[in-house]
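The next block holds one structure in the form of structure tokens; read it before the comments.
2 protein chains.
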Amino acid sequence: MGVDIARRTQTERRRESELGLLRAAVEVIARQGVGAVTFEVLGRASGFSRGLVTQRFGSKQRLIEALLLHLHEDRQKALAAQGFEAMPGLEAVLAYVDQCLSQLAERLEARAYFILLSSSVAEGSDLRSVFRRTHAEVEGQLGRWIRKGQAEGGIRGEVDPRSAALMIGCMLFGTSMQMLVDPQMDIAPVRDLSLIALKLSLGA
Amino acid sequence: MGVDIARRTQTERRRESELGLLRAAVEVIARQGVGAVTFEVLGRASGFSRGLVTQRFGSKQRLIEALLLHLHEDRQKALAAQGFEAMPGLEAVLAYVDQCLSQLAERLEARAYFILLSSSVAEGSDLRSVFRRTHAEVEGQLGRWIRKGQAEGGIRGEVDPRSAALMIGCMLFGTSMQMLVDPQMDIAPVRDLSLIALKLSLGA
DNA sequence: AGTTAATGGTCAATCAACAAATAAGTTGAG
DNA sequence: CTCAACTTATTTGTTGATTGACCATTAACT
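Protein sequence lines correspond, in order, to chains A and B.
According to numbering that gives the first Met the number 0, the first sequence holds residues 0 to 203 in order.
According to numbering that gives the first Met the number 0, the second sequence holds residues 0 to 203 in order.
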């Protein structure tokens, strides 16, 4: 009985290669852009062969869709773990904005997400519908916090939660994009000003 | 001496074909995305042949660069014609924001601009440096208006003009992108809320 | 005639996708 | 327990389609 270090079950192999390919896709996209995503490059970056993507995902298109789903699920999980629900509404909104903007600098996944989003806009691809859904989810969440804030009295009642949520979404979107255009940008003052603007326009 | 309707000088021919190609590029980009921009498609859309782009611009890359320059110059001209300079600072800022957001729905050029921007982010292309410059110009302009507003007393003195300008730029950027992701989006409430937020956070 | 503009044939490179071949893991009969 | 048949995972060879670019030819202007 040798040291069966390398021995894994088929399910494990499958899972590991799938995650490996997704991770590789994130890195390639975040570092070199979607244009660099070829089966060849993906194979090298993942340590597998160029043929595996097709085997696992059927096509490049589907790999990207799977990746997007993966990124979104991760994001939702991270969100749930953050404890925003326990905070007062206004505070939750502000903390969420804060966290989104920080993540972009730190996490390759966040970069990859917005780069994919850019790509879908650039190509007019139907991946946009997926992004519409994920944005709608974010805005739904923001809207609930805003309503909660209104119930608590921390947020003015005249504010329309849907519109405010959408505006906040746009703000986050734009700041994230600007960071991708100009990575040198100092995000702190923009974040601070955005938070102030939100406090003033939402706060009771 | 026949009716020389079609007779043009070489310079005119050159200028017309160049503008025709640029106009075609705008339309293709705005309607079908940058992925659809091939010499073939561009030829058909412009009414010229697929070979002309290479003749006029040398390469696809250079066509895009020329287009970007063209779009930016047009935008600057439109801006100058708008009479923002005569307004009080705060008002100019708000009117500018308003105008940017309206244009996006109306003008193909504005769509094309942001689609190209998305593409440069998606591909990590060095076209981003051009966008950094154009954004810096917009922010410079906004910054001047803000300083003017501070001198006039309409904008609070504590506001840092550079950061505020950058924040406004991000807001515009994000709202524009969101419109490209979801053309069905109702922009009016977002615009109104954004303007309110700006008034509250900048206004004295 | 001479010069400049525009066209369309052609080529080489890139790349996604398919499929046949190989490697790794599983199962069950002896 | 073990090894051979079988299933599943992975690799590698190949192909067809797309497309940017080049260039020789034709058309338009001077």
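Where is the CB? At the ideal position from N, CA and C, for every residue including glycine.
- Rounded to whole angstroms, the Cβ separation of A:V27 and A:A35 is 5 angstroms, and the two are in contact under 8 angstroms.
- As computed with DSSP, B:I154 is found in a beta bridge with B:G202.
- The beta carbon of A:F56 sits closer than 7 angstroms to the beta carbons of L62, A65 from its chain, once the five residues preceding and following it are set aside; these are given in chain order.
- By a beta-carbon distance limit of 8 angstroms, A:M170 contacts A:S193. Their separation comes to about 6 angstroms.
- Annotation for A:M178: the continuous alpha helix (DSSP H) segment containing it runs 160-180.
- Residues are counted here when their Cβ sits less than 7 angstroms from a Cβ of chain A; for the region 15-34 of chain B these are Q31, G32, V33, G34, given in chain order.
- Its chain contains G148, G153, I154, L201, G202 as the residues whose beta carbon lies nearer than 7 angstroms to that of A:L89, once the 5 sequence neighbours on both sides are disregarded; these appear in chain order.
- Put simply, the backbone Cα of B:A121 is about 31 angstroms away from that of B:R143.
- Exposure of B:S58 is indicated by the presence of fewer than 16 other C-beta atoms within 10 angstroms of its C-beta.
- Counting other Cβ atoms within 10 Å of its Cβ, B:L18 stays below 16 and is therefore classed as exposed.
- For A:F113, the enclosing alpha helix (DSSP H) covers residues 107-122.
- A:L103 and B:V96 have their alpha carbons spaced roughly 25 angstroms apart.
- Close partners of A:A196 in chain B (Cβ separation under 8 angstroms): M166, A196, L197, L199, S200.
- The DSSP-derived three-state label of B:P188 is helix.
- Here the C-alpha atom of A:I195 lies approximately 19 angstroms from the C-alpha atom of B:T174.
- Judged by DSSP in its simplified three-state form, A:Q98 adopts helix.
- B:F130 carries a helical assignment under DSSP once its states are collapsed to helix, strand and coil.
- Judged by beta-carbon spacing, B:L199 lies within the 7 angstroms limit of A:L199, meaning their Cβ atoms are closer than that value.
- Selection A:T8, A:S16, A:Q31 evaluated against B:G123 yields A:Q31 as nearest (Cα-Cα).
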